[in-house]
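Q:
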Amino acid sequence: MKAIVFIIALTLLFFVQCSAQPLAWRYSTVGSVTALSISSDGKYAAVGNKDGAIYLLDREKGTELWKYFVWEGINAISISSDGAYVAVGGNNRIVYLFDRELSGRSYIWRCPLGAAVLDVTISGDGKYLAAGSFDHRVYFFDAEKPTPLWSYQTGGSVRSIDISEDGNFLAAGSDDGYLYIFDKEYTGNKFISRFKAAGPIRSVSISSNGYFVAAGGSDSYIYFQDRMRDEDTYTWRHRLDSKVISVSISSDGEYIAAGDSSGRIYLFDKDYSNNNFLWSYPIGVKSALVSISGDGEFIASGSEEGIYLFDKNFEKNSFLWYLPVDSTVTDLEVSMDGSSIIAGDYKGYVYMFWPLIPGKSQQPIETTATISEGTLPVTSSIRQARSSRYIDFFPPVVAAALAILVLIHLRAKKRKKAIKAAPRQMFGYRPLDLLLKGGIPRGYSLILSSAPCDQRDDVIKGFLRAGLEEEATAVYISNTVDKVMELVENPRMHILICNPQADEIAPKMGNVEKVRSIENLTDVNIGIMKLLEGLYEESRRGEESKPMRICLDILDDVLIQHKGPTTRKWLLELIPRLKRMDGITLATVNPRMHRREDLNAVISIFDGQIDILEGTKRGRLYRKVLVSRMYEVDYSRKGLEIQ
Numbered sequence: 004m005k006a007i008v009f010i011i012a013l014t015l016l017f018f019v020q021c022s023a024q025p026l027a028w029r030y031s032t033v034g035s036v037t038a039l040s041i042s043s044d045g046k047y048a049a050v051g052n053k054d055g056a057i058y059l060l061d062r063e064k065g066t067e068l069w070k071y072f073v074w075e076g077i078n079a080i081s082i083s084s085d086g087a088y089v090a091v092g093g094n095n096r097i098v099y100l101f102d103r104e105l106s107g108r109s110y111i112w113r114c115p116l117g118a119a120v121l122d123v124t125i126s127g128d129g130k131y132l133a134a135g136s137f138d139h140r141v142y143f144f145d146a147e148k149p150t151p152l153w154s155y156q157t158g159g160s161v162r163s164i165d166i167s168e169d170g171n172f173l174a175a176g177s178d179d180g181y182l183y184i185f186d187k188e189y190t191g192n193k194f195i196s197r198f199k200a201a202g203p204i205r206s207v208s209i210s211s212n213g214y215f216v217a218a219g220g221s222d223s224y225i226y227f228q229d230r231m232r233d234e235d236t237y238t239w240r241h242r243l244d245s246k247v248i249s250v251s252i253s254s255d256g257e258y259i260a261a262g263d264s265s266g267r268i269y270l271f272d273k274d275y276s277n278n279n280f281l282w283s284y285p286i287g288v289k290s291a292l293v294s295i296s297g298d299g300e301f302i303a304s305g306s307e308e309g310i311y312l313f314d315k316n317f318e319k320n321s322f323l324w325y326l327p328v329d330s331t332v333t334d335l336e337v338s339m340d341g342s343s344i345i346a347g348d349y350k351g352y353v354y355m356f357w358p359l360i361p362g363k364s365q366q367p368i369e370t371t372a373t374i375s376e377g378t379l380p381v382t383s384s385i386r387q388a389r390s391s392r393y394i395d396f397f398p399p400v401v402a403a404a405l406a407i408l409v410l411i412h413l414r415a416k417k418r419k420k421a422i423k424a425a426p427r428q429m430f431g432y433r434p435l436d437l438l439l440k441g442g443i444p445r446g447y448s449l450i451l452s453s454a455p456c457d458q459r460d461d462v463i464k465g466f467l468r469a470g471l472e473e474e475a476t477a478v479y480i481s482n483t484v485d486k487v488m489e490l491v492e493n494p495r496m497h498i499l500i501c502n503p504q505a506d507e508i509a510p511k512m513g514n515v516e517k518v519r520s521i522e523n524l525t526d527v528n529i530g531i532m533k534l535l536e537g538l539y540e541e542s543r544r545g546e547e548s549k550p551m552r553i554c555l556d557i558l559d560d561v562l563i564q565h566k567g568p569t570t571r572k573w574l575l576e577l578i579p580r581l582k583r584m585d586g587i588t589l590a591t592v593n594p595r596m597h598r599r600e601d602l603n604a605v606i607s608i609f610d611g612q613i614d615i616l617e618g619t620k621r622g623r624l625y626r627k628v629l630v631s632r633m634y635e636v637d638y639s640r641k642g643l644e645i646q
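Per my numbering: the sequence shown = residues 4 to 646.
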């Protein structure tokens with residue numbers, strides 16, 4: 004009976020998946036995808052990878068029209084609206100212009116620059132193109148000539164540029180912190196406008212008519228400029244959770260999408276309604292890429308978690324579809340007409356999402372490798388994804404719900420077995436290592452409930468030291484550094500001090516960061532994620548990465564300042580991010596300092612709970628450590644007396 008139910012459940016799950024993710028095909032470029040661009044109607048996609056290969060792909064067949072090698076990594080690629088022309092730039096310091104009929108022969112022209120080409124952009128009709136370079140210059144070309152019409156020297160590397168549909172206007176963002184707006188007739192005397200951001204500009208996007216510009220960068224702000232107001236500064240700006248990675252503006256400038264380095268995406272309207280974003284959503288823990296359709300209806304996003312599609316009227320957890328991919332998404336773009344999406348990942352795969360051919364059954368195409376499990380075709384178009392959820396899903400909805408319940412039960416049992424079989428990490432404090440019967444799984448969160456005592460400090464130091472001895476990264480987040488001073492000299496030990504007197508109490512070392520207050524929990528999160536995301540990247544570079552250890556020793560301060568409900572909300576956002584980093588988190592709380600309801604609001608969030616209890620025996624004080632609960636992990640319930 005169970006087998007029959009399981010088969011039915013899988014069949015229904017297959018149906019649901021086939022009605023949720025419009026993947027047309029997947030193509031392998033062998034090397035990591037570093038840049039891509041799609042024509043306005045979605046029929047053609049240009050792709051570049053880190054090995055210097057350039058591809059022009061046909062959407063409907065899922066095959067390459069041509070391939071060309073330049074032997075050094077591609078940094079940027081841009082295709083004209085009709086797919087007739089492709090501009091390319093990379094580490095070999097050369098800008099290339101290709102046409103669609105190349106057929107493997109050669110480029111139309113090439114132009115060497117003074118340094119690596121960091122970004123390129125081409126007008127809709129293919130008549131004009133521009134490049135930004137590591138040599139601090141912006142270059143503007145007439146497509147008929149291999150020499151620039153003009154160039155402009157900025158004060159830093161030009162990492163992002165974007166041209167209006169007709170080629171009349173160009174936006175450029177530089178490491179000097181300026182956003183520049185030029186027109187194609189620039190003569191070297193004056194740009195149209197320029198304003199200064201608080202840090203390097205890393206991403207810019209301009210509307211089709213060139214009147215609206217969005218930009219973002221390392222200062223964590225997204226900037227919007229309405230040039231019709233004739234002001235030489237931004238119209239408004241908004242600070243995100245962390246540095247801005249990606250911005251994209253709709254053709255008419257009405258909507259602006261942005262993604263930051265903490266994995267969260269945002270949607271704004273140009274009027275900056277209520278002085279805030281329309282909505283935001285976390286799609287990962289690292290860089291979030293975004294691209295918006297020409298009419299602003301659809302927003303595609305990608306991260307290490309996969310590829311998402313949202314509509315502009317997004318409500319909580321109601322994205323149109325989600326597709327997990329094999330590795331981190333490195334670039335993606337929605338076609339201007341909203342019919343197609345192209346995306347690439349770190350492993351070199353290119354994913355095409357597009358409508359089914361009317362009246363025919365479209366099957367997914369795999370050109371060089373097998374499609375990943377679960378990546379299946381779905382709706383007749385991206386625009387029909389929303390309605391198909393209600394129309395196509397209605398007949399089997401009751402049966403599907405029942406099947407999902409069965410699957411949840413079976414997957415929970417499987418997950419329990421997997422966690423038990425997964426490699427464990429020793430805690431680092433001997434009594435707990437004995438009680439935990441083999442250690443803690445990766446991605447686990449624990450809370451230690453204890454009054455101040457030497458044993459509490461020993462648990463913290465043992466937990467961090469065990470990670471350091473395994474050559475893993477350890478992070479201590481607290482209002483003081485005293486408890487771990489003996490570990491500070493280790494280069495893998497990192498400390499974040501959350502204290503108004505941080506400058507006075509913290510040692511001046513490269514591995515010690517500071518946040519001056521816990522009054523604003525958003526600032527605390529920014530400080531934590533800014534530190535952790537860099538460490539997480541470094542920890543993954545090794546052949547066998549060790550799980551990062553994070554000790555969150557500021558809960559008492561946060562609870563006192565913000566009480567239970569706000570602290571719980573903060574932790575519900577923070578802890579899942581830490582878990583997705585595959586590390587082990589230990590938080591601490593003093594139960595004598597807080598109301599029972601506040602403690603319960605916090606403790607229930609964690610996978611496991613450890614208590615250090617005090618008592619008297621024959622007139623003497625004693626303490627024992629007790630593992631009160633551990634989700635899906637075997638442990639001893641007896642407790643041990645500790646010295």
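Quick reminder that beta carbons are idealized off the backbone N, C-alpha and C, glycines included.
Only a predicted model underlies this, so the values are computations on that prediction, with no experimental measurement involved.
Could you pull the start and end residues of the beta strand (DSSP E) that ALA144 belongs to?
A: Ala is not the amino acid found at residue 144; the sequence shown has Phe there. Start and end: 140-145.
Q: Is LYS694 near TYR142, with beta carbons less than 8 Å apart?
A: The first residue shown for the chain is 4 and the last is 646, placing residue 694 beyond what the model contains.
Q: List the residues that DSSP assigns as beta-bridge partners of ASN528.
A: Answer is none; ASN528 lacks a bridge partner.
Q: Closest by CA to GLU516, which one among GLU168, GLU522 and GLY537?
A: Ranking the options by Cα distance to GLU516, first place goes to GLY537.
Q: Bridge partners for LEU60 per DSSP, in chain order?
A: Beta-bridge pairing links LEU60 to ALA48 and GLU67.
Q: Using the C-alpha atoms, what's the distance from THR569 back to VAL518?
A: Those two C-alpha atoms are separated by around 19 Å.
Q: Can you name the start and end residues of the alpha helix (DSSP H) that PRO579 belongs to?
A: Looking at the DSSP string, the run of the alpha helix (DSSP H) that includes PRO579 is 558-583.
Q: Distance, Cα to Cα, ILE302 vs ASP340?
A: So the alpha carbons of these two residues sit roughly 12 Å apart.
Q: Out of THR66, LYS70 and ASN514, state which residue places its alpha-carbon closest to the alpha-carbon of TYR58.
A: Checked all of THR66, LYS70 and ASN514; the closest Cα to TYR58 is LYS70.
Q: Fully enclosed by the segment 311-361, which beta strand (DSSP E) runs are 3 residues long or longer?
A: Fully enclosed beta strand (DSSP E) runs of 3 or longer: 324-326, 332-337, 344-348 and 352-356.
Q: Going by C-alpha distance, which of ALA90, GLU104, PRO444 and GLY220 is nearest GLU635?
A: Of the candidates ALA90, GLU104, PRO444 and GLY220, the one whose C-alpha sits nearest the C-alpha of GLU635 is PRO444.
Q: Taking the beta carbon of LYS641 as the centre, do at least 16 other beta carbons fall within 10 Å, making it buried, or is it exposed?
A: Looking at its Cβ environment, which holds fewer than 16 other Cβ atoms inside 10 Å, LYS641 is exposed.
Q: Ordered along the chain, which non-local residues of its own chain (more than five positions away) have a Cβ less than 6 Å from that of ILE209?
A: Hits under 6 Å: ASP165, SER167, ALA174 and VAL216.
Q: Comparing C-alpha positions only, which one of GLY92, LEU467 and LYS273 sits nearest to MET551?
A: Per the Cα distances, LEU467.
Q: With a Cβ-Cβ cutoff of 8 Å, do ASP334 and LEU39 count as a contact?
A: For ASP334 and LEU39, yes; Cβs fall inside 8 Å.
Q: Do the segment 507-514 and the segment 552-559 meet, that is, are 3 or more Cβ pairs less than 8 Å apart?
A: Touching, no, given that fewer than three Cβ pairs across the two stretches are closer than 8 Å.
Q: Which residues in the same chain have their Cβ closer than 7 Å to the Cβ of TYR110, if we skip the five residues on either side of it in sequence?
A: Result list for TYR110: TYR99, LEU100 and PHE101, in chain order.
Q: For SER223 and ARG242, which I take to be in contact (beta-carbon distance under 8 Å), what is that distance rounded to the nearest angstrom?
A: Going by Cβ atoms, the distance from SER223 to ARG242 rounds to 5 Å, so yes, they are a contact pair.
Q: How would you write the range of the beta strand (DSSP E) that ARG623 sits in, first residue to last?
A: That run of the beta strand (DSSP E) goes 623-633.
Q: Rounded to whole angstroms, what's the CA-CA distance from LEU60 to TRP239? Just pull it up for me.
A: Going from the Cα of LEU60 to the Cα of TRP239 covers about 39 Å.
Q: Taking the C-alpha atoms as reference points, what is the distance between ASP395 and PHE356?
A: Confidence at ASP395 is low in this model, with a pLDDT of 41, below 50, so its placement is unreliable and the value that follows should be read with caution. Roughly 19 Å separates the two Cα atoms.
Q: Alpha carbon to alpha carbon, how far is GLY135 from GLY170? Give it in angstroms, no decimals.
A: C-alpha separation (whole angstroms): 16 Å.
Q: Which of the three DSSP states is assigned to LYS464 in this structure?
A: Residue state, collapsed to three classes: helix.
Q: Identify whether LYS440 lies in helix, strand or coil by the three-state DSSP scheme.
A: Three-state DSSP puts LYS440 in coil, outside helix and strand.
Q: Just to confirm, are ILE225 and ALA261 a CB contact at a threshold of 8 Å?
A: Yes, Cβ-Cβ distance for ILE225 and ALA261 is below 8 Å.
Q: I'd like to know whether the C-beta atoms of GLY351 and SER35 end up nearer to each other than 8 Å.
A: In this structure, SER35 lies closer than 8 Å to GLY351 by Cβ.
Q: Can you tell me where the beta strand (DSSP E) holding VAL120 begins and where it ends?
A: Segment 120-125, the beta strand (DSSP E) holding VAL120.
Q: Contact between the segment 73-80 and the segment 47-57: three or more CB pairs below 8 Å?
A: Cβ pair count under 8 Å is three or more, so yes.
Q: Can you tell me which of the three DSSP states TYR393 falls into?
A: Because TYR393 carries a pLDDT of 38, less than 50, the predicted location of this residue cannot be relied on, and the following value inherits that uncertainty. TYR393: helix per DSSP, three-state reduction.
Q: Is it the case that the Cβ atoms of ILE606 and SER448 are separated by a distance below 8 Å?
A: Cβ atoms of ILE606 and SER448: not closer than 8 Å.
Q: By Cβ distance below 8 Å, which residues in the same chain neighbour LYS315 in space, the five residues on each side in sequence not counted?
A: Result list for LYS315: TYR258, LEU270, LEU281, GLY299, GLU300, PHE301 and ILE302, in chain order.
Q: Only counting the same chain, and skipping five residues up and downstream in sequence, which positions put a Cβ closer than 7 Å to that of THR371?
A: Residue placement at THR371 is flagged as unreliable, the pLDDT there being 46, under the threshold of 50; the coordinate-derived value follows with that caveat. Excluding sequence neighbours, THR371 sits near TYR30 and SER31.
Q: Rounded to whole angstroms, what is the Cα-Cα separation between LEU534 and GLY76?
A: When rounded, the distance between both Cα atoms is 29 Å.
Q: Quick check on the DSSP output: what are the complete alpha helix (DSSP H) runs of length 4 or more inside the segment 479-515, in order along the chain?
A: The qualifying runs are 505-508.
Q: What residues match up with ASP102 in a beta bridge as DSSP calls it?
A: According to DSSP, which records beta bridges pairwise, ASP102 is partnered with TYR88.
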